[in-house]
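Following: one structure in structure tokens, then a few remarks.
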Amino acid sequence: MTPFNPFLLTGYVSPEYFCGRKNETKMLISALRNGRNVTLVSPRRMGKTGLIRHVFHQAKQRGGVCCYYVDLYQTDSLASLVRQLGEEVLGTLDTREMKIVRSVASFFRSLRPAITVDPVTGELKFAIDVQPQMAEQSLAEIFSYMQKSGKRCYVAFDEFQTVASYADKNVEALLRAHIQHLTSVQFIFSGSQRHVLENMFTSAARPFYQSAQMMHLGNIDKDVYRAFAEEKLKAHGQELTVEGFDDVYDSLAGHTWYIQVILNRLYESGEKLLTADYVERMMQNVIAENEATYHTFLTLVTPSQGKLLASVAKEGFVRELLSKQFIGQYGLGAVSTVRSAAKALIDKELLLQDERGYQVYDRFFSLWLSKSYV
52 MTPFNPFLLT
62 GYVSPEYFCG
72 RKNETKMLIS
82 ALRNGRNVTL
92 VSPRRMGKTG
102 LIRHVFHQAK
112 QRGGVCCYYV
122 DLYQTDSLAS
132 LVRQLGEEVL
142 GTLDTREMKI
152 VRSVASFFRS
162 LRPAITVDPV
172 TGELKFAIDV
182 QPQMAEQSLA
192 EIFSYMQKSG
202 KRCYVAFDEF
212 QTVASYADKN
222 VEALLRAHIQ
232 HLTSVQFIFS
242 GSQRHVLENM
252 FTSAARPFYQ
262 SAQMMHLGNI
272 DKDVYRAFAE
282 EKLKAHGQEL
292 TVEGFDDVYD
302 SLAGHTWYIQ
312 VILNRLYESG
322 EKLLTADYVE
332 RMMQNVIAEN
342 EATYHTFLTL
352 VTPSQGKLLA
362 SVAKEGFVRE
372 LLSKQFIGQY
382 GLGAVSTVRS
392 AAKALIDKEL
402 LLQDERGYQV
412 YDRFFSLWLS
422 KSYV
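As structure tokens, then:
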């Protein structure tokens with residue numbers, strides 16, 4: 052279905068509504084085709100899920116591959132992971148309906164799958180019941196089903212760092228033990244908690260040590276993004292000035308989802324000439340809509356944490372958070388206080404740290420803080 056507004060905020064439709072990422076797409080597809088697993092790391096709302104969906108779309112277009120996207124964000128155990136994976140995979144690697152039923156009954160003895168027929172599409176639907184004590188066997192059955200299907204499979208485990216928080220600390224080792232023997236299944240391990248995910252794959256003490264190619268997802272190139280925005284708006288009878296787009300991109304630090312929000316609103320407005328002034332007013336309107344939420348954010352932090360967060364917002368980006376100049380300029384107190392506050396804010400995903408430095412995670416919240424926090 053063609054979307055009414057081309058600036059999507061959720062989901063994936065087709066390459067027509069996907070902006071840029073040509074190098075990243077090529078890199079991911081090449082790694083998977085050549086038998087390499089990939090660890091994909093990016094901040095939330097940068098577009099990693101969209102990229103995965105885009106890569107899977109391209110892979111399916113070429114044919115000969117089955118793709119599975121498994122979101123682990125709300126899982127809390129091996130059993131819940133197996134349930135998510137199983138419901139994606141069951142029945143998809145067979146061709147005829149009776150063969151599907153026989154395969155499911157044969158392969159998944161521990162899952163007790165319930166098979167129903169979608170009344171609209173006629174497709175078979177599976178719901179499975181994973182007993183915690185049978186989860187390891189169920190996982191083995193699913194991977195065996197994929198390996199013995201004779202088909203190449205790509206599996207994306209999104210928010211994979213969630214596995215590290217499971218009460219059962221043996222899940223990583225169990226997954227690794229199975230995955231290393233799968234010759235026809237490649238994996239994308241994606242996530243947004245950089246330090247947790249990187250530790251899982253770069254620490255010699257962890258099961259997944261050096262088992263995947265590391266890939267970090269950054270901003271979409273400004274010129275590429277501007278051309279995409281101008282094309283979609285022009286088709287709608289609107290003109291976005293260079294200054295107008297640059298104001299959006301720079302103010303929001305190139306962070307994909309936040310830029311999409313503003314472009315979505317600009318498209319909705321129908322305004323013929325989208326100048327920098329008009330764009331700025333639109334951003335302020337969006338920020339004003341969320342002001343109550345931002346006040347709530349501040350109730351979740353201590354005064355020292357709030358002061359640090361606002362100081363980073365006023366700077367936009369801080370390379371050295373513990374520098375005497377930065378701490379002294381904003382009166383943040385002792386280095387130990389700043390270090391403790393920063394750790395708490397990073398854990399709460401209010402402060403984003405990458406290899407370049409620090410910034411407020413929510414870009415709209417950052418703009419509000421820079422002007423409203425006293």
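Each number in the numbering used here comes from the position in the sequence shown (counting from 1) with 51 added on. Quick reminder that beta carbons are idealized off the backbone N, C-alpha and C, glycines included.
Where A256 falls, given that 16 or more other Cβ within 10 Å makes a residue buried: In the sequence shown, the residue the question calls residue 256 occupies position 205. With a threshold of 16 other beta carbon atoms within 10 Å, A256 falls short and is exposed.
Supposed contact pair G71 and S279 - C-beta distance, whole angstroms, cut 8 Å: Here residue 279 refers to the residue found at position 228 when the sequence shown is read from its first residue. Here residue 71 refers to the residue found at position 20 when the sequence shown is read from its first residue. Residue 279 is actually Phe in this sequence, not Ser. Between F279 and G71, the beta carbon gap of about 7 Å places them in contact (Cβ cut-off 8 Å).
Contacts around E75, its chain only, beta-carbon distance under 8 Å, and the 5 residues preceding and following it disregarded: As a first step, residue 75 must be located in the sequence shown, where it is residue number 24. Closer than 8 Å at Cβ, skipping near neighbours: L102, M266, L268.
Buried versus exposed call for T253 [16 or more other C-beta atoms within 10 Å across all chains shown]: If you number the sequence shown from 1, residue 253 lands on position 202. T253 is exposed by the Cβ-count criterion.
Three CB pairs or more closer than 8 Å across the segment 388-400 and the segment 368-379: Enough Cβ pairs lie closer than 8 Å, so yes.
Within 8 Å, strictly: CB atoms of S131 and D219: Here residue 131 refers to the residue found at position 80 of the sequence shown. Here residue 219 refers to the residue found at position 168 of the sequence shown. No.
Distance cut-off 7 Å: P183 Cβ against heavy atoms of the ligand MG: Because no ligand of any kind appears in the structure shown, any question about the ligand MG cannot be addressed here.
Proximal residues to I378 (C-beta, below 8 Å), its chain only, five neighbours per side dropped: Stepping through the sequence shown from its first residue, residue 378 is reached at position 327. Same-chain partners within the cutoff: G384, V386, V389.
Inter-residue CB distance, Q135 and L123 (contact presumed, cutoff 8 Å): If you number the sequence shown from 1, residue 135 lands on position 84. If you number the sequence shown from 1, residue 123 lands on position 72. Yes, they are in contact, since the Cβ atoms of Q135 and L123 sit about 7 Å apart, within 8 Å.
Contact under 8 Å by Cβ, V330 with V299: Within the sequence shown, residue 330 is the residue found at index 279, counting from 1. Within the sequence shown, residue 299 is the residue found at index 248, counting from 1. With respect to the 8 Å criterion, V330 and V299 are classified as neighbours on the basis of their beta carbons.
C-beta atoms of G295 and N270 nearer than 8 Å: Looking up residue 295 in the sequence shown gives position 244. Looking up residue 270 in the sequence shown gives position 219. Not a contact, by the Cβ cut-off of 8 Å.
T388: first and last residue of the uninterrupted alpha helix (DSSP H) it sits in: Within the sequence shown, the letter at position 337 stands for residue 388. From DSSP, the alpha helix (DSSP H) with T388 extends over 386-398.
As assigned by DSSP and simplified to three states, the class of I271: The residue labelled residue 271 in the question sits at position 220 within the sequence shown. DSSP places I271 in coil when its eight states are reduced to three.
Buried/exposed call for R414, threshold 16 Cβ in 10 Å: In the sequence shown, the residue the question calls residue 414 occupies position 363. Buried, since its Cβ has 16 or more Cβ neighbours within 10 Å.
Same chain, Cβ closer than 7 Å to T100, neighbours up to 5 away in sequence not counted: For the purposes of this step, residue 100 is taken as residue 49 along the sequence shown, with counting starting at 1. If you ignore the 5 residues before and after T100, its C-beta comes within less than 7 Å of the C-beta of D209, all in its own chain and listed in chain order.
At least 3 beta-carbon pairs within less than 8 Å: the segment 340-360 vs the segment 317-324: Contact between the segment 340-360 and the segment 317-324 is not established, with fewer than three Cβ pairs separated by less than 8 Å.
Separation of T292 from M52, as counted between CA atoms: The residue labelled residue 52 in the question sits at position 1 within the sequence shown. The residue labelled residue 292 in the question sits at position 241 within the sequence shown. Distance between the alpha carbons of M52 and T292: 30 Å.
Reference N56; option with closest CA among N315, L360, K365, V352: Residue numbering aside, residue 56 sits at position 5 when the sequence shown is read from its first letter. For N56, the nearest C-alpha among the options comes from N315.
Distance, Q182 Cα to R153 Cα: Residue mapping note: residue 153 aligns to position 102 of the sequence shown, counting from 1. Residue mapping note: residue 182 aligns to position 131 of the sequence shown, counting from 1. Its pLDDT being 49, under 50, R153 is placed unreliably in this model, and the coordinates cannot settle the point.
Proximity winner among Y63, M97, Y68, relative to Y412 (alpha-carbon distances): Stepping through the sequence shown from its first residue, residue 412 is reached at position 361. Nearest C-alpha to Y412: M97.
Where N88 falls, given that 16 or more other Cβ within 10 Å makes a residue buried: For the purposes of this step, residue 88 is identified with residue 37 of the sequence shown, where counting begins at 1. Looking at its Cβ environment, which holds 16 or more other Cβ atoms inside 10 Å, N88 is buried.
Local Cβ density within 10 Å of L126, reported as buried at 16 or more and exposed below that: As a first step, residue 126 is located in the sequence shown; it is residue number 75 there, counting from the start. Reading the sequence as shown, one finds Thr at residue 126 and not Leu. In this structure T126 is buried. Its beta-carbon is surrounded by 16 or more other beta-carbon atoms within 10 angstroms.
V106 vs L79 beta-carbon contact at 8 Å: The residue given as residue 106 occupies position 55 in the sequence shown. The residue given as residue 79 occupies position 28 in the sequence shown. Contact: yes.
For Y68, three-class secondary structure by DSSP: As a working note, residue 68 is residue 17 in the sequence shown. Assigned with DSSP and collapsed to three states, Y68 falls in helix.
CB contact flag (L360, L401, <8 Å): Sequence index remark: in the sequence shown, residue 360 carries index 309 (1-based). Sequence index remark: in the sequence shown, residue 401 carries index 350 (1-based). At the C-beta level, L360 and L401 come within 8 Å of one another.
Secondary structure of L91, DSSP reduced to three states: For the purposes of this step, residue 91 is taken as the residue at position 40 of the sequence shown. Looking at L91 - three-state DSSP - the assignment turns out to be strand.
Nearest to Q237 (by Cα), restricted to the options S243, F58, G62, A207: Sequence index remark: in the sequence shown, residue 237 carries index 186 (1-based). If we check each option's Cα against that of Q237, A207 comes out closest.
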